[in-house]
Amino acid sequence: MKPIWIEIPTTDIQRAKTFYESVFDEKLQVLDMGEFKMAIFTSGGFALCQLKDVYRPSTEGPLIYLNANPDLNSILEKVAPAGGEILIEKRQISEEQGYMAVFIDTEGNRLGLRSKN
Numbered sequence: 001m002k003p004i005w006i007e008i009p010t011t012d013i014q015r016a017k018t019f020y021e022s023v024f025d026e027k028l029q030v031l032d033m034g035e036f037k038m039a040i041f042t043s044g045g046f047a048l049c050q051l052k053d054v055y056r057p058s059t060e061g062p063l064i065y066l067n068a069n070p071d072l073n074s075i076l077e078k079v080a081p082a083g084g085e086i087l088i089e090k091r092q093i094s095e096e097q098g099y100m101a102v103f104i105d106t107e108g109n110r111l112g113l114r115s116k117n
């Protein structure tokens with residue numbers, strides 16, 4: 001099984017958009033469909049989503065890892081200044097698997113980062 005689309009919950013689409021644009025150096029495209037709002041990553045595959053009582057940010061449930069190649073330090077160092085919190089600093093998984101880290105975004109979502117270096 002291979003994921004084809006990931007939605008990251010938010011209660012404030014603009015705040016979340018600002019955080020992810022700052023951390024990942026990527027512009028997000030906002031789609032405003034009334035109550036339902038999305039901010040789509042131009043690199044594809046995932047979006048921030050806001051819809052009251054449907055999308056609830058959480059540190060529980062599945063942990064989604066985002067690609068942070070070539071070195072996740074370049075992304076991790078932007079998390080706290082952008083308003084997030086680092087839960088697990090960069091650490092090596094194995095030589096084959098590379099490195100990982102875990103953070104909480106401005107919305108309260110727990111997400112991971114993976115990179116080869």
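Counted from 1, the sequence shown has number 82 at position 82 by our numbering; the numbering is strictly sequential.
Don't be surprised by glycine CBs; every beta carbon is placed ideally from N, CA and C.
query	result
Give me the DSSP bridge partner(s) of ILE13.	Note: ILE13 sits in no beta bridge, so no partner.
Rounded to the nearest angstrom, how far is the Cβ of VAL30 from that of ALA39, given a contact under 8 Å?	5 Å
If distances are taken between C-alpha atoms only, which option among GLY83, GLU95, ARG91, ILE93 comes closest to ASN109?	GLY83
What is the rounded straight-line gap between the Cα of ILE86 and the Cα of MET33?	32 Å
Give the range of the beta strand (DSSP E) segment to which LYS52 is assigned.	Looking at the DSSP string, LYS52 is not in any beta strand (DSSP E), and its letter there is neither H nor E.
Which runs of the beta strand (DSSP E) spanning at least 3 residues fall entirely within the segment 48-109, listed in chain order?	64-67, 85-94, 98-104
I need the boundaries of the beta strand (DSSP E) containing LYS2, first residue and last residue.	Element bounds for LYS2: n/a, residue is neither H nor E.
Counting along the chain, where does the beta strand (DSSP E) carrying LYS27 start and finish?	From DSSP, LYS27 is part of no beta strand (DSSP E); its letter is neither H nor E.
Measure the C-alpha to C-alpha separation of GLY112 and PHE36 and round it to an integer number of angstroms.	26 Å
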